[in-house]
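When you line the sequence shown up against this note's numbering, it's residues 241 to 425, in that order.
Input: a single structure, listed below in structure tokens.
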Amino acid sequence: MSFNRFKSEDAGRILLFIILVGFAVLARTMEHAPNFTPVAAIGLLGGYLFRSRLAGLLSVLAAMFVSDLIIGYESVTMRVVVYLALSVPVLLGSALKSVKGVKLGFGLVGSSLLSSVSFYLTTNLAVWAFSGMYEHTMQGLVLCYTYALPFLRNTMIGDLFYTGAFFGIYAAVRHFAWRPVTSAA
């Protein structure tokens with residue numbers, strides 16, 4: 241019986257992985273507001289649900305890699321920075337595994353916002369350093385971060401929206417579908 245349960249749980253996790261990656265690819269390749277994507281929320285959910293952080297990280301990396309092949313990318317250096325920045329939500333989601341109830345809700349909001357801000361700080365530092373769009377001065381760095389503020393807003397809104405949606409769906413499924421079957425004796 242435990243072997244069948246193990247196989248069933250693994251099949252469910254594999255299916256979840258495929259659904260998350262597929263949804264992220266669709267969301268990134270369809271028309272959307274800049275930086276309003278589910279990728280960081282998928283990282284949070286993957287870090288929270290999957291047994292290993294590696295599985296959560298692979299869900300984000302697979303989604304980004306496949307969608308980048310479709311929509312293209314500006315430079316390998318920037319892709320590496322973006323992919324590394326998207327590992328933060330996976331780590332934060334993993335750290336929330338033992339948190340329950342209202343504390344989990346606050347943890348998700350905080351983790352979502354922290355993911356957004358760390359993505360903004362990391363990727364825009366890389367844009368300043370590697371793109372040639374800004375002078376390599378303090379004024380150039382401030383200008384880079386200032387011009388990117390609308391993207392930060394969209395990232396925060398998207399991350400909060402998708403995190404709420406994904407974890408809300410997860411909670412509803414657990415509540416309604418994953419109840420133990422009791423047999424009448």
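By construction, the Cβ of each residue, glycine as well, lies at the ideal position given by its N, Cα and C atoms.
Exercise. When the Cα atoms are used, what is the spatial distance from H376 to A295?
Worked result: Position 136 of the sequence shown, counted from the start, is the residue given in the question as residue 376. Position 55 of the sequence shown, counted from the start, is the residue given in the question as residue 295. Near 37 Å, if we compare the C-alpha coordinates of A295 and H376.
For this session: Whole angstroms is fine: what's the gap from M241's alpha carbon to R393's?
Result: For the purposes of this step, residue 241 is taken as residue 1 along the sequence shown, with counting starting at 1. For the purposes of this step, residue 393 is taken as residue 153 along the sequence shown, with counting starting at 1. Since pLDDT at M241 reaches only 44, below the 50 mark, its modelled position is unreliable, and no value is offered.
Exercise. Rounded C-beta distance between Y288 and G333? I'm assuming under 8 Å.
Worked result: Within the sequence shown, numbered from 1, the residue matching residue 288 stands at position 48. Within the sequence shown, numbered from 1, the residue matching residue 333 stands at position 93. At roughly 4 Å, the Cβ-Cβ gap stays under 8 Å, so Y288 and G333 are in contact.
For this session: Would you identify the three-state DSSP class for R268, choosing helix, strand or coil?
Result: As a working note, residue 268 is residue 28 in the sequence shown. Helix at R268.
Problem set entry | Environment of G372 [buried if 16+ CB atoms lie within 10 Å] | The count along the sequence shown starts at 1 and reaches residue 372 at position 132. The residue is exposed, with fewer than 16 neighbouring Cβ atoms inside 10 Å.
Problem set entry | Residue closest to D308, alpha-carbon to alpha-carbon, out of N364, A412 and A267 | Looking up residue 308 in the sequence shown gives position 68. Nearest of N364, A412 and A267 to D308, Cα basis: A267.
Problem set entry | Local conformation of A377 per DSSP, three classes | By 1-based counting over the sequence shown, the position of residue 377 is 137. Checking the sequence, you will find Thr at residue 377 rather than Ala. It is coil, neither helix nor strand.
For this session: Decide if S315 is buried, meaning its Cβ has at least 16 other Cβ atoms within 10 Å, or exposed.
Result: Here the question's residue 315 lines up with position 75 in the sequence shown. Looking at its Cβ environment, which holds fewer than 16 other Cβ atoms inside 10 Å, S315 is exposed.
For this session: Give the range of the alpha helix (DSSP H) segment to which V279 is assigned.
Result: Stepping through the sequence shown from its first residue, residue 279 is reached at position 39. Residues V279 to L289.
Problem set entry | Close beta carbons around V367, own chain, < 8 Å, minus the five adjacent residues each side | Position 127 of the sequence shown, counted from the start, is the residue given in the question as residue 367. Cβ neighbours of V367 beyond the five flanking positions: M318, M373, Y374, C384 and A388.
Exercise. Whole-angstrom Cβ separation of L348 and L284, contact assumed at under 8 Å?
Worked result: Reading the sequence shown from its first residue, position 108 is the one you call residue 348. Reading the sequence shown from its first residue, position 44 is the one you call residue 284. Yes, they are in contact, since the Cβ atoms of L348 and L284 sit about 7 Å apart, within 8 Å.
For this session: Counting only runs of 3+ residues fully inside the segment 324-385, write out the beta strand (DSSP E) ranges in chain order.
Result: none
Problem set entry | Continuous alpha helix (DSSP H) stretch holding A273: start and end | Taking the sequence shown and counting its residues from 1, one reaches residue 273 at position 33. Note, A273: premise wrong, no alpha helix (DSSP H); not H, not E.
For this session: Leaving aside the five residues before and after L301 along the sequence, list all residues of the same chain whose C-beta is less than 7 Å from its C-beta, in chain order.
Result: Against the sequence shown, residue 301 aligns to sequence position 61. Around L301: Y323.
Problem set entry | Simplified DSSP state of V398, which is helix, strand or coil | Numbered from its first residue, the sequence shown carries residue 398 at position 158. The question names Val, yet the displayed sequence has Gly at residue 398. Note: G398 maps to helix in three-state DSSP.
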